[in-house]
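Numbering (the numbering used here), first residue to last: 896 to 1504.
For glycine and all other residues, C-beta sits at the position ideal for the given N, C-alpha and C.
All of these numbers come straight from a predicted model, not from anything done at the bench.
What follows is a short report on a single structure.
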Ligand code: F6R
């Protein structure tokens, strides 16, 4: 979604704002803008397109301003034009506002403000905020912000500055993230931590309804009722270098290569060594209750949902508990049959996805305890869930999720094995054997990464395809879904995943000479059946790229190309099988000249429904 930054202190604000925006550009890149207070004037510069467009327009201008706010936009209301870019200003040019989220009642507010004589210059929902500030201002920006917020319905993270009170930033959040960075004689504001890290690791993570007042020498935070609150200091435990490309051409490739370490860190963080009371440590789920739950719901969006589908397979298989995996935006409206004997698991890399957060709240409203699997400590989802399993993938910047997905898979395996051990649906020996498989995954992931040459060649050979199909059965189908999402989102090649057995019920009509079909066949028990499906598409002259485990040579006789992953228990194969598919998507996108880290129309963290 959109990214917000703010600075007040003794240094020049413009370069700090631009650098902060560059670190948040993964949140949206339809337009960018800044507003600063300079020599008694409110200076606004904004431009449609990526941040580079604004930077080149600024042409090295650093100005004298010491206070300012900035924004990088992912358009919701109004096209990505200069006029719709943030910051927005009021009629007299005294206030400037940036916003992330959606003001649901903006049309009625706009009409009301119009009747009071306010003139609008954009099509955005955001612009009502700045006119409301202007309308309510009686010599106190903080008080005007409180009056403004009272009028709003929707989600927002907002930052405002005013010519009438220079040296101050006022910010507020509701269902959209906002973090204050605490410096020495200077303070910062941002939608996400990477923008703060070059300056400070000391932060306040604002909660819903909180309003922050920043000056160079102090930060005050108030609750909805206007009472000052003592915020706990959150010291970030990773550094700016982790949010850099470190020599890789793209964040996505760097993050693909970070998977062995991410898997290792997550496993070491949560694996209980003695195994006597399950395999999961550090998540205080009550054992007696875990023995009694009769249903699990897993809900998430996009890639995280695909991890949830793997979770469904493995929990049902190992712990014999019925599991439903739901897309979060569907879950909350379908009146799921949840009660206190249900466990709801929400999965979200960012911990801020609006649909997933809404699903979490719906589950809690229905009385079910919620376990969040998230990569961001202090995120909304982490704070609102009853239990948190923090994946330790480190910051994920590329829009296409990779290392977060494989660590989410690991979380699913740990949960499944934990439940299986506690409910005695598996023998301790079997649990121990699968735990050893998990322990071997980082090394095997490394081996898959070392062996990426074939994928690179395939990407070059097939990058001109207009459509690519992914097929598989069981867990392979779950991975096929993720492989096809990766490919379409960054290469813009039409890609579809099908349960291999389902092809013949319609989609086979689309298979013709030369259409690439990526066929996953890592599941030994389903191998013969998948082989038949591969033969079906070969009979229609498709070009088959098969993916299987070492030792399964039979595919070489049927498929045009075979990618091998190291031999593992088929249950854990998704962690390895997805890596060549991530690389295939990456290499194809590069070969097609696409902007890998910032694919069109997308944003990293989707904080609107
Ligand atoms: C795809 C991708 C998205 C996210 C989805 C959920 O590569 O990244 O599909 O998985 O938007 O995001 P989180 O996990 O942050 O809730």
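Sheet register partners of residue i (DSSP bridge)
{"i": "residue 968", "result": "926"}
{"i": "residue 903", "result": "962 and 1082"}
{"i": "residue 1017", "result": "Bridge partners of residue 1017: none, in fact."}
{"i": "residue 858", "result": "Residue coverage of the chain in this structure runs from 896 to 1504, which leaves residue 858 outside it and unanswerable."}
{"i": "residue 1050", "result": "997"}
{"i": "residue 1439", "result": "1412"}
{"i": "residue 1191", "result": "1218 and 1238"}
{"i": "residue 1365", "result": "1392 and 1413"}
{"i": "residue 1056", "result": "991"}
{"i": "residue 1109", "result": "1064 and 1114"}
{"i": "residue 1267", "result": "1241 and 1283"}
{"i": "residue 931", "result": "938 and 963"}
{"i": "residue 898", "result": "967"}
Reference residue i, options the options, closest by Cα
{"i": "residue 1473", "options": "1495, 1079, 1415 and 1438", "result": "1415"}
{"i": "residue 1175", "options": "1118, 1184 and 1313", "result": "1313"}
{"i": "residue 1328", "options": "1031, 1017, 1466 and 1211", "result": "1466"}
{"i": "residue 1019", "options": "988, 1119, 983 and 1476", "result": "983"}
{"i": "residue 920", "options": "967, 903, 940 and 939", "result": "967"}
{"i": "residue 1367", "options": "1124, 1003, 1391 and 1259", "result": "1391"}
{"i": "residue 1370", "options": "1340, 1417, 1382 and 1361", "result": "1417"}
{"i": "residue 1224", "options": "1061, 1252, 1208 and 1400", "result": "1252"}
{"i": "residue 1180", "options": "1267, 938, 1038 and 1361", "result": "1267"}
{"i": "residue 915", "options": "1001, 1138, 1395 and 934", "result": "1138"}
{"i": "residue 1439", "options": "1356, 1482, 1504 and 1477", "result": "1356"}
{"i": "residue 1342", "options": "1460, 1386 and 1222", "result": "1460"}
{"i": "residue 1248", "options": "1330, 1269 and 1261", "result": "1269"}
{"i": "residue 977", "options": "994, 949 and 955", "result": "949"}
{"i": "residue 1285", "options": "1492, 1475, 1163 and 928", "result": "1163"}
{"i": "residue 1432", "options": "1420, 1413, 1212 and 1133", "result": "1413"}
{"i": "residue 1102", "options": "1092, 1128 and 1082", "result": "1128"}
{"i": "residue 907", "options": "946, 942 and 956", "result": "956"}
{"i": "residue 1057", "options": "993, 1294, 1380 and 1009", "result": "993"}
Proximity of residue i and residue j at Cβ, strictly below 8 Å
{"i": "residue 1363", "j": "residue 1411", "result": "yes"}
{"i": "residue 1036", "j": "residue 1063", "result": "yes"}
{"i": "residue 1136", "j": "residue 918", "result": "no"}
{"i": "residue 1052", "j": "residue 899", "result": "yes"}
{"i": "residue 1080", "j": "residue 910", "result": "no"}
{"i": "residue 963", "j": "residue 932", "result": "yes"}
{"i": "residue 1086", "j": "residue 961", "result": "no"}
{"i": "residue 1384", "j": "residue 1409", "result": "no"}
{"i": "residue 1100", "j": "residue 1273", "result": "yes"}
{"i": "residue 1257", "j": "residue 1227", "result": "yes"}
{"i": "residue 1116", "j": "residue 1088", "result": "no"}
{"i": "residue 1160", "j": "residue 1287", "result": "yes"}
{"i": "residue 999", "j": "residue 1042", "result": "no"}
{"i": "residue 912", "j": "residue 989", "result": "no"}
{"i": "residue 1481", "j": "residue 1148", "result": "yes"}
{"i": "residue 1502", "j": "residue 1040", "result": "no"}
{"i": "residue 1210", "j": "residue 1311", "result": "yes"}
{"i": "residue 928", "j": "residue 981", "result": "yes"}
{"i": "residue 1207", "j": "residue 1236", "result": "no"}
{"i": "residue 1382", "j": "residue 1388", "result": "yes"}
{"i": "residue 1350", "j": "residue 1478", "result": "yes"}
{"i": "residue 1121", "j": "residue 1069", "result": "no"}
Residue interval of the beta strand (DSSP E) (run including residue i)
{"i": "residue 1099", "result": "1097 to 1100"}
{"i": "residue 1068", "result": "1064 to 1069"}
{"i": "residue 941", "result": "936 to 943"}
{"i": "residue 1391", "result": "1389 to 1394"}
{"i": "residue 1457", "result": "1456 to 1460"}
Contact with chain D by residue i, beta-carbon distance below 8 Å
{"i": "residue 1240", "result": "Going by chain labels, chain D is absent from the structure shown, which holds only one protein chain."}
Residue span of the alpha helix (DSSP H) that contains residue i, given as start and end
{"i": "residue 1207", "result": "1197 to 1214"}
{"i": "residue 949", "result": "946 to 953"}
{"i": "residue 1043", "result": "1036 to 1045"}
{"i": "residue 1334", "result": "1323 to 1334"}
{"i": "residue 1351", "result": "1348 to 1357"}
{"i": "residue 1307", "result": "1298 to 1317"}
{"i": "residue 1182", "result": "1182 to 1187"}
{"i": "residue 1074", "result": "From DSSP, residue 1074 is part of no alpha helix (DSSP H) but of the beta strand (DSSP E) over 1074 to 1077."}
{"i": "residue 1032", "result": "Counting along the chain, residue 1032 falls outside any alpha helix (DSSP H), and DSSP gives it neither H nor E."}
{"i": "residue 1385", "result": "1370 to 1386"}
{"i": "residue 1160", "result": "1154 to 1165"}
Closer than 7 Å: residue i CB and nearest the ligand NAD heavy atom
{"i": "residue 1248", "result": "Of the ligands this structure carries, namely the ligand F6R, none is the ligand NAD."}
Quiz item: Are the stretch 1368 to 1383 and the stretch 1200 to 1216 touching, with three or more C-beta to C-beta distances below 8 Å?
Solution: A contact exists between the stretch 1368 to 1383 and the stretch 1200 to 1216.
Practice problem: Assess, as a yes-or-no matter, whether the stretch 1297 to 1311 is touched by the stretch 1461 to 1477 under the definition of 3 or more beta carbon pairs within less than 8 Å. | Solution: Yes, the stretch 1461 to 1477 touches the stretch 1297 to 1311.
Exercise. Say whether the stretch 1434 to 1445 touches the stretch 1109 to 1120, bearing in mind that this needs 3 or more beta-carbon pairs closer than 8 Å, one atom from each stretch.
Key: Flag = no, the stretch 1434 to 1445 and the stretch 1109 to 1120 do not touch.
Exercise. Evaluate contact between the stretch 1186 to 1198 and the stretch 1135 to 1153, counting only Cβ atoms and requiring at least three cross-stretch pairs below 8 Å.
Key: Taking a contact to require three or more Cβ pairs closer than 8 Å, the stretch 1186 to 1198 and the stretch 1135 to 1153 do not qualify as touching.
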